[in-house]
Amino acid sequence: MARFNLVLLLVAVFCGLSAVNSNHRARKLFIELEAEQKRMRDLDVEWGQLQLEQSTWASHARIEKIARDKLGMKPPMPGQIISMDHGLAAPAPAGGKH
Amino acid sequence: MRAVGFSRSPLLSQRLPPWRQRLVLALLLGGFALLVGRSLYLQGINNEFLGDKGRARYERVIEISATRGRIVDRHGDVLAISTPVKSVWAIPEDVKLTPAQSRDLAQLLEMDIRDLNRKLASEHDFVFVKRQIPPDLASRVAALKYDGIHLQNEYRRYYPAGEVMAHMLGFTGTEDKGQEGIELAFNEQLSGHLGSRRVIKDRRGNIVEDVESIQAPQEGKDIVLALDSKVQYLAYASLKKSITDNKAKAGGLVVIDARNGEILALANLPTYNPNNRTRLAGAQLRNRALTDTFEPGSTMKPFTAALALDKGKVRFDTPIQTSPGKLTIGTATISDAHVHGLLTVAQVIQKSSNIGAAKIALSMTPAEMWDMFDRAGFGSPLKLGFPGEVGGRLRPAKHWKPIEQATMAYGHGISVTLMQLARAYQVFARDGDIVPLSLTKLDNPPPGAQPIFSAQTAREVRAMLEMAVQPGGTAPKAQIPGYRVAGKTGTAHKIEGGAYANKYVSSFVGFAPASDPRLIVAVMIDEPSAGKHYGGDVAAPVFAEVMSGALRTLGIATDAPLKPLQINDAETIREGM
Numbered sequence: 000m001a002r003f004n005l006v007l008l009l010v011a012v013f014c015g016l017s018a019v020n021s022n023h024r025a026r027k028l029f030i031e032l033e034a035e036q037k038r039m040r041d042l043d044v045e046w047g048q049l050q051l052e053q054s055t056w057a058s059h060a061r062i063e064k065i066a067r068d069k070l071g072m073k074p075p076m077p078g079q080i081i082s083m084d085h086g087l088a089a090p091a092p093a094g095g096k097h
Numbered sequence: 000m001r002a003v004g005f006s007r008s009p010l011l012s013q014r015l016p017p018w019r020q021r022l023v024l025a026l027l028l029g030g031f032a033l034l035v036g037r038s039l040y041l042q043g044i045n046n047e048f049l050g051d052k053g054r055a056r057y058e059r060v061i062e063i064s065a066t067r068g069r070i071v072d073r074h075g076d077v078l079a080i081s082t083p084v085k086s087v088w089a090i091p092e093d094v095k096l097t098p099a100q101s102r103d104l105a106q107l108l109e110m111d112i113r114d115l116n117r118k119l120a121s122e123h124d125f126v127f128v129k130r131q132i133p134p135d136l137a138s139r140v141a142a143l144k145y146d147g148i149h150l151q152n153e154y155r156r157y158y159p160a161g162e163v164m165a166h167m168l169g170f171t172g173t174e175d176k177g178q179e180g181i182e183l184a185f186n187e188q189l190s191g192h193l194g195s196r197r198v199i200k201d202r203r204g205n206i207v208e209d210v211e212s213i214q215a216p217q218e219g220k221d222i223v224l225a226l227d228s229k230v231q232y233l234a235y236a237s238l239k240k241s242i243t244d245n246k247a248k249a250g251g252l253v254v255i256d257a258r259n260g261e262i263l264a265l266a267n268l269p270t271y272n273p274n275n276r277t278r279l280a281g282a283q284l285r286n287r288a289l290t291d292t293f294e295p296g297s298t299m300k301p302f303t304a305a306l307a308l309d310k311g312k313v314r315f316d317t318p319i320q321t322s323p324g325k326l327t328i329g330t331a332t333i334s335d336a337h338v339h340g341l342l343t344v345a346q347v348i349q350k351s352s353n354i355g356a357a358k359i360a361l362s363m364t365p366a367e368m369w370d371m372f373d374r375a376g377f378g379s380p381l382k383l384g385f386p387g388e389v390g391g392r393l394r395p396a397k398h399w400k401p402i403e404q405a406t407m408a409y410g411h412g413i414s415v416t417l418m419q420l421a422r423a424y425q426v427f428a429r430d431g432d433i434v435p436l437s438l439t440k441l442d443n444p445p446p447g448a449q450p451i452f453s454a455q456t457a458r459e460v461r462a463m464l465e466m467a468v469q470p471g472g473t474a475p476k477a478q479i480p481g482y483r484v485a486g487k488t489g490t491a492h493k494i495e496g497g498a499y500a501n502k503y504v505s506s507f508v509g510f511a512p513a514s515d516p517r518l519i520v521a522v523m524i525d526e527p528s529a530g531k532h533y534g535g536d537v538a539a540p541v542f543a544e545v546m547s548g549a550l551r552t553l554g555i556a557t558d559a560p561l562k563p564l565q566i567n568d569a570e571t572i573r574e575g576m
């Protein structure tokens with residue numbers, strides 16, 4: 000009888016310890032999850048900053064200046080534009096502009 | 000006196016009254032009972048209090064931030080975006096800086112040393128030293144580790160397009176709340192809502208467990224505008240060039256999609272850079288196309304003609320006598336720039352005759368004209384959501400005297416905004432109806448087209464407007480190679496101090512391609528003072544540049560042969576004002 004109680008006591012202690020262990024491991028995983036989520040937010044912020052940078056580099060004023068000054072480009076004259084007849088084109092894509 | 004042992008002291012033989020013992024016992028037991036009762040209460044019945052205290056050791060409520068939404072154009076190009084920055088703040092009484100350290104800090108932050116010292120000596124508990132500094136500078140400040148100097152996360156809004164789209168986009172104030180333009184009109188959708196959650200933190204400050212989410216955060220929604228950056232840039236550049244060349248005070252330009260009312264471009268000058276608003280003059284902030292009214296002048300004539308056609312008072316070829324070039328109504332006289340003689344109604348529009356327009360108007364009642372102007376949207380604000388929008392002035396019909404009805408036929412005595420004018424010209428670009436304007440990109444066709452004139456009338460007036468742009472009309476400079484264009488010039492005297500002054504507002508409103516109109520462009524140039532002031536000379540060329548660029552950008556098919564134009568200045572008709 001006493002030995003049975005001892006066994007039960009040991010089982011109880013074991014359950015307690017394993018509960019603590021599971022909790023500890025769960026929390027460690029949670030910390031990892033939080034770190035990944037923070038990384039996700041930081042990447043989002045970086046994406047926003049890159050978009051900003053792209054918009055600045057690709058601003059129309061800058062592109063026009065480079066095209067005119069450095070590349071010597073000009074808008075085409077009416078005589079230089081050839082208009083394609085839409086009727087000859089392959090079936091137009093449904094919806095949207097083309 | 001001899002010493003006495005304790006057990007033989009005479010004091011012990013005195014008998015104390017028994018109630019004193021019992022009282023002390025009762026008091027002590029009572030005290031115990033109170034403690035037990037309190038303990039039972041705290042731990043049994045109302046254990047929340049202690050429970051909370053215990054949890055407070057390891058639980059924290061943290062805020063979840065929500066970023067403000069971006070504003071993008073119809074192609075997805077970013078027009079306004081928030082990036083995280085830091086602000087430097089200080090608790091003045093905690094700050095202990097040596098003069099050398101203060102100097103270093105001021106130099107790092109690019110502040111005046113006296114400013115810095117004044118802030119750090121302030122009486123308040125909390126003072127901002129410098130707001131919104133870039134993150135790399137912030138990390139250098141943090142590395143200094145001065146007492147009492149802290150950093151706080153904030154967001155700063157950037158506008159890559161700068162002054163080109165300043166009036167349309169507006170800007171936000173310090174609390175990231177919109178103050179002007181789209182930032183204000185769509186502030187609800189753009190701002191997110193902060194969230195908060197309760198978590199358990201460990202000794203090192205890591206979050207180890209989520210207890211509950213108190214409020215889910217709501218990220219700000221992105222707004223997709225109907226704006227096309229290429230068309231906007233073209234509009235801005237052309238307007239700027241024209242204002243410089245004509246030495247004008249200000250100007251506005253609007254591009255609308257005739258099919259669904261989307262606003263593709265909105266440019267005003269003078270303008271400002273929303274990224275650096277340190278020195279702003281009031282004139283720069285004005286979103287003129289929406290907030291400034293002007294007497295439109297001859298651009299109103301097509302509406303008068305259309306109404307008369309609709310009511311059957313005239314046909315497009317009804318002859319109107321405009322000789323001798325002056326018309327007296329009551330005590331006032333109207334005149335034309337030239338004597339045009341006998342004109343058809345179509346020619347009245349083509350040559351922009353005031354007398355012709357006045358005679359057409361007088362064949363109708365004031366109520367009829369007022370009703371048409373009202374339904375076309377004049378006199379009431381457009382309610383797009385922009386601050387400072389005005390409705391212009393359309394006086395009630397019962398106050399109109401005959402001379403006033405006549406002048407209203409050619410756009411005097413009524414005041415409108417450029418956007419109202421552009422919107423109203425939908426009746427001619429479409430088949431007699433108007434759809435509501437849209438600032439945002441529309442995925443579905445617009446709701447509710449409002450008919451103003453019959454389709455037949457609209458097409459007839461459209462033909463007249465096409466004539467106005469050809470040699471023999473007032474605006475041959477509005478022609479574009481490859482497309483048929485229709486439109487109307489306007490040259491109006493400005494009113495100063497109650498009388499007409501020698502200053503003008505030159506305008507042009509037109510649409511293209513005339514065979515199947517897709518875009519409406521309205522231009523207004525305020526006080527051109529380099530010699531030219533007629534709408535056909537000042538505003539029409541801007542229209543041509545913007546319209547041709549916009550049609551090409553949007554890939555709209557040509558409807559006329561592509562050949563260079565020859566515009567003969569001598570053939571241009573000067574309109575009556």
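Chains as they are written, first to last, in numbering that gives the first Met the number 0: chain C, 0 to 97; chain A, 0 to 576.
Glycine is no exception: its CB is placed at the ideal position from the N, C-alpha and C atoms.
Cβ of residue i less than 7 Å from any chain C Cβ?
{"i": "A:L263", "result": "no"}
{"i": "A:R14", "result": "no"}
{"i": "A:T557", "result": "yes"}
{"i": "A:P444", "result": "no"}
{"i": "A:P475", "result": "no"}
{"i": "A:G50", "result": "no"}
Can you round the beta-carbon distance between residue i and residue j to whole angstroms, since I take them to be within the 8 Å contact cut?
{"i": "A:P527", "j": "A:Y503", "result": "7 Å"}
{"i": "A:F427", "j": "A:R461", "result": "5 Å"}
{"i": "A:E459", "j": "A:F315", "result": "5 Å"}
{"i": "A:V253", "j": "A:K440", "result": "Actually they are not in contact, since the Cβ atoms of A:V253 and A:K440 sit about 17 Å apart, beyond 8 Å."}
{"i": "A:T317", "j": "A:V338", "result": "About 19 Å separates the two Cβ atoms, so there is no contact after all."}
{"i": "A:A396", "j": "A:A360", "result": "That pair is no contact at about 12 Å."}
{"i": "A:V313", "j": "A:L263", "result": "In fact, because the Cβ distance is near 35 Å, the residues do not count as touching under 8 Å."}
Does any residue of chain A bring its CB to less than 7 Å from the CB of residue i?
{"i": "C:A91", "result": "Legend: pLDDT at C:A91 = 44, less than 50; position of this residue unreliable, value from coordinates given subsequently. Not an interface residue."}
{"i": "C:L16", "result": "no"}
{"i": "C:E33", "result": "yes"}
{"i": "C:G94", "result": "Bear in mind that the predicted position of C:G94 carries a pLDDT of just 43, short of 50, making it too unreliable to give a figure here."}
{"i": "C:H23", "result": "no"}
{"i": "C:F3", "result": "no"}
{"i": "C:V19", "result": "no"}
{"i": "C:F29", "result": "yes"}
{"i": "C:I62", "result": "no"}
So the alpha helix (DSSP H) residue i belongs to, where does it begin and stop?
{"i": "A:T544", "result": "The question names Thr, yet the displayed sequence has Glu at residue 544 of chain A. Unbroken alpha helix (DSSP H) run through A:E544: 534-552."}
{"i": "A:S195", "result": "Careful: A:S195 lies outside any alpha helix (DSSP H), inside the beta strand (DSSP E) at 194-200."}
{"i": "A:Y154", "result": "Taken as a continuous stretch (DSSP letters only), A:Y154 belongs to no alpha helix (DSSP H), being part of the beta strand (DSSP E) at 148-157."}
{"i": "A:E574", "result": "Counting along the chain, A:E574 falls outside any alpha helix (DSSP H), and DSSP gives it neither H nor E."}
{"i": "A:F510", "result": "First-last for A:F510: 498-511, but that is the beta strand (DSSP E), not the alpha helix (DSSP H)."}
Anything in chain A within Cβ reach of residue i, meaning under 8 Å, just list it in chain order.
{"i": "C:I65", "result": "What C:I65 touches in chain A: nothing, since even the nearest Cβ is about 14 Å away."}
{"i": "C:M76", "result": "P563"}
List the endpoints of the continuous beta strand (DSSP E) containing residue i.
{"i": "A:P83", "result": "77-89"}
{"i": "A:G29", "result": "Segment 17-39 is the alpha helix (DSSP H) holding A:G29; no beta strand (DSSP E) there."}
{"i": "A:M523", "result": "518-525"}
{"i": "A:D579", "result": "Outside the modelled stretch of chain A, which goes from 0 to 576, sits residue 579 of chain A, for which no answer is possible."}
So residue i contacts chain A; which residues on that side make the cut at Cβ distance below 7 Å?
{"i": "C:R26", "result": "V207, E208"}
Which chain C residues are close to residue i, counting only those with a beta carbon under 9 Å from its beta carbon?
{"i": "A:P470", "result": "What A:P470 touches in chain C: nothing, since even the nearest Cβ is about 18 Å away."}
Please compile the residues from chain C whose C-beta is within a distance smaller than 7 Å of the C-beta of residue i.
{"i": "A:D76", "result": "S54"}
{"i": "A:Y157", "result": "L51"}
List, in order along the chain, the chain C residues whose C-beta lies closer than 8 Å to that of residue i?
{"i": "A:T82", "result": "V44, G47, Q48, L51"}
Quick one, which residues of the region 206-231 of chain A are near chain C if we go by CB-CB under 8 Å, in chain order? I206, V207, E208, D209, S228, K229
Give me the subset of the region 151-180 of chain A whose CB atoms are less than 8 Å from a CB atom of chain C, sorted by chain position. Y157, P159, A160, G161, V163
Residues in the region 479-500 of chain A having any Cβ partner in chain C nearer than 8 Å: P480, G481
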